[in-house]
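S.K.: Next up is a structure, given as structure tokens.
In the working numbering, the protein residues as written are 173 to 489.
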């Protein structure tokens, strides 16, 4: 009876009312996931810088808007801040020989202090009534359209760039660094370049999110890497389900953004079910683990000796 009363207390209208906001946040986080995709999938580099560079992008954006700079200029500055963060991680890794994970952690820790200095405190708010913002929680519909436009333009630019000689060199570095080096590619430069592009996109997403929610907070980047990975992995699984081997580069990028939307729709569903918010990080980890396991289990099922034996029995019959 308690379970029936619980489900009876849930109002579906509240779930539908929250969908536009979840979609808007999902697309903005999808922009961040594009940056994670570059390091995680193309470069095969576990970059933890993003937890810091996301907040840096938000902090730079809000501070410049409060100082009177137009929102687009503030976003450009946010991109530059992300590029610099990626540059630091890249140089720590390539010039000082620090392992990639540790290099990202060192930059992330450093950015905590940098973000405090930029914000001159733990957080800063920006009033949508006083400043002209690109996206805002006050106008979710137009924010979704604007975020989708950002995502579409970025996908086209990334598709073009990674088809150039330099972009192909980055992809080759991620696939086989030893062979790439033998072909005359400066793999250290390619790694630094990819990290700069990745964190530039992450900081751009942070700037958009700070405008959307109306404030920048020192903790807004915590868990960004997990959300980005969730979007990438969910996008890979969904893309493979719909397109299989026909999934090209553009479709992969599109599904990364879709993965961000799906993730936030799941989060919205969890919030609607009134589950404890303290369990949200645990839920995120479970979602990522499930979607990581799906391709492995599917491949194992297809290539198992047991399945081969069953096929043999059917053929002999």
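No residue lacks a Cβ here, since even glycine has one placed at the ideal position from N, Cα and C. Source: prediction; values computed, not measured.
For a test of the three-state rule: what should DSSP assign to residue 287, helix, strand or coil?
M.R.: Position 115 of the chain shown, counting from 1, holds the residue named residue 287. Residue 287: helix per DSSP, three-state reduction.
S.K.: Hey, how far is the Cα of residue 270 from the Cα of residue 205?
M.R.: As a first step, residue 270 must be located in the chain shown, where it is residue number 98. As a first step, residue 205 must be located in the chain shown, where it is residue number 33. Spanning the two alpha carbons is a distance of roughly 25 Å.
S.K.: Is residue 186 helix, strand or coil when you go by DSSP?
M.R.: Looking up residue 186 in the chain shown gives position 14. Looking at residue 186 - three-state DSSP - the assignment turns out to be helix.
S.K.: Quick check: the stretch 208 to 220 against the stretch 380 to 395, are there 3 or more CB pairs under 8 Å?
M.R.: The answer is no - the stretch 380 to 395 does not touch the stretch 208 to 220, with fewer than three Cβ pairs under 8 Å.
S.K.: Distance, Cα to Cα, residue 411 vs residue 329?
M.R.: Against the chain shown, residue 411 aligns to sequence position 239. Against the chain shown, residue 329 aligns to sequence position 157. Approximately 20 Å, taken between the alpha carbons.
S.K.: What would DSSP say about residue 358, mapped onto helix, strand or coil?
M.R.: What you label residue 358 is simply residue 186 of the chain shown in a count that begins at 1. Coil at residue 358, not helix or strand.
S.K.: Can you name the start and end residues of the beta strand (DSSP E) that residue 387 belongs to?
M.R.: Here the question's residue 387 lines up with position 215 in the chain shown. Taken as a continuous stretch (DSSP letters only), the beta strand (DSSP E) holding residue 387 covers 387 to 389.
S.K.: Any chance the stretch 251 to 267 sits against the stretch 395 to 411, with 3 or more Cβ pairs inside 8 Å?
M.R.: Taking 8 Å as the limit for Cβ pairs, the verdict is that the stretch 395 to 411 does not touch the stretch 251 to 267.
S.K.: Below 8 Å, how does it come out for the stretch 187 to 202 and the stretch 440 to 456: are there three or more Cβ pairs, yes or no?
M.R.: Yes, they touch.
S.K.: Would you tell me roughly how many angstroms separate the C-alpha atoms of residue 357 and residue 207, rounded to the nearest one?
M.R.: One-based indexing of the chain shown puts residue 357 at position 185. One-based indexing of the chain shown puts residue 207 at position 35. Taking the straight line joining both Cα atoms gives about 22 Å.
S.K.: The alpha helix (DSSP H) that contains residue 416, what's its start and end?
M.R.: The residue given as residue 416 occupies position 244 in the chain shown. Where residue 416 is concerned, there is no enclosing alpha helix (DSSP H), given that its DSSP letter is neither H nor E.
S.K.: Would you please verify whether the beta carbon of residue 467 is less than 8 Å from any beta carbon of chain D?
M.R.: Judged by its chain identifiers, the structure shown contains no chain D, having just a single protein chain.
S.K.: Assign residue 299 to one of three DSSP states: helix, strand, or coil.
M.R.: Your numbering for residue 299 matches position 127 in the chain shown. Three-state DSSP puts residue 299 in coil, outside helix and strand.
S.K.: Tell me, please, whether the stretch 231 to 244 touches the stretch 297 to 312 by the rule of three or more beta-carbon pairs shorter than 8 Å.
M.R.: With the cut-off at 8 Å, the stretch 231 to 244 and the stretch 297 to 312 touch.
S.K.: Helix, strand or coil for residue 351, going by three-state DSSP, please let me know.
M.R.: Translated into the one-based positions of the chain shown, residue 351 becomes position 179. Helix.
S.K.: Quick one: grab the DSSP three-state call for residue 192.
M.R.: What you label residue 192 is simply residue 20 of the chain shown in a count that begins at 1. If DSSP states are grouped into helix, strand and coil, residue 192 belongs with the helices.
S.K.: Do three or more CB pairs link the stretch 269 to 287 to the stretch 219 to 229 at distances below 8 Å?
M.R.: The answer is yes - the stretch 219 to 229 touches the stretch 269 to 287, with three or more Cβ pairs under 8 Å.
S.K.: Spatial neighbours of residue 459 within its chain, please: CB distance less than 8 Å, with the 5 preceding and 5 following residues excluded, ordered by chain position.
M.R.: Walking along the chain shown from the start, residue 459 turns up at place 287. Hits under 8 Å: 402, 406, 435 and 438.
S.K.: Taking Cβ positions, are residue 228 and residue 246 nearer each other than 8 Å?
M.R.: As a first step, residue 228 is located in the chain shown; it is residue number 56 there, counting from the start. As a first step, residue 246 is located in the chain shown; it is residue number 74 there, counting from the start. For residue 228 and residue 246, no; Cβs fall outside 8 Å.
S.K.: If you count every other CB in all the chains shown that lies within 10 Å of the CB of residue 226, and 16 or more means buried, which is it?
M.R.: Looking up residue 226 in the chain shown gives position 54. Residue 226 is buried by the Cβ-count criterion.
S.K.: Measuring CB atoms only, is the stretch 363 to 382 touching the stretch 176 to 189, in the sense that at least three cross pairs come out at less than 8 Å?
M.R.: Touching, no, given that fewer than three Cβ pairs across the two stretches are closer than 8 Å.
S.K.: Mind checking residue 363: buried by the 16 CB within 10 Å criterion, or exposed?
M.R.: Translated into positions along the chain shown, residue 363 becomes position 191. Result: buried.
S.K.: Cβ of residue 350 within 7 Å of any heavy atom in the ligand COA?
M.R.: This structure lacks the ligand COA; in fact it carries no ligand of any kind.
S.K.: If you reduce the DSSP assignment to three classes, tell me which class residue 217 lands in.
M.R.: For the purposes of this step, residue 217 is identified with residue 45 of the chain shown, where counting begins at 1. Reduced to three states, the DSSP call for residue 217 is coil.
S.K.: Following the continuous alpha helix (DSSP H) through residue 308, name the residue where it begins and the one where it ends.
M.R.: On the chain shown, position 136 is the one that residue 308 refers to. It is not in any alpha helix (DSSP H) - residue 308 carries neither H nor E in the DSSP assignment.
S.K.: Residue 180 to residue 432, Cα distance in whole Å?
M.R.: For the purposes of this step, residue 180 is identified with residue 8 of the chain shown, where counting begins at 1. For the purposes of this step, residue 432 is identified with residue 260 of the chain shown, where counting begins at 1. Distance between the alpha carbons of residue 180 and residue 432: 30 Å.
S.K.: Answer with buried or exposed for residue 338, where buried requires no fewer than 16 other C-beta atoms within 10 angstroms of its C-beta.
M.R.: As a working note, residue 338 is residue 166 in the chain shown. Classification for residue 338: exposed.
S.K.: Going by beta-carbon coordinates alone, are residue 331 and residue 427 separated by less than 8 Å?
M.R.: The residue you call residue 331 lines up with position 159 of the chain shown. The residue you call residue 427 lines up with position 255 of the chain shown. Their beta carbons are not under 8 Å apart, which means residue 331 does not touch residue 427 by this criterion.
S.K.: Determine whether the beta carbon atoms of residue 248 and residue 306 lie at a separation below 8 Å.
M.R.: Stepping through the chain shown from its first residue, residue 248 is reached at position 76. Stepping through the chain shown from its first residue, residue 306 is reached at position 134. Not closer than 8 Å, so no.
S.K.: Assign residue 414 to buried or exposed, taking buried as 16 or more other Cβ atoms, counted over all protein chains shown, within 10 Å of its Cβ.
M.R.: As a working mapping, residue 414 is identified with position 242 in the chain shown. Exposed.
S.K.: Taking all protein chains shown into account, decide if residue 173 is buried (16 or more other Cβ within 10 angstroms of its Cβ) or exposed.
M.R.: Numbered from 1 along the chain shown, position 1 holds the residue referred to as residue 173. The predicted position of residue 173 is uncertain, since its pLDDT is 47 and thus under 50; a value taken from the coordinates is nonetheless stated next. Exposed, since its Cβ has fewer than 16 Cβ neighbours within 10 Å.
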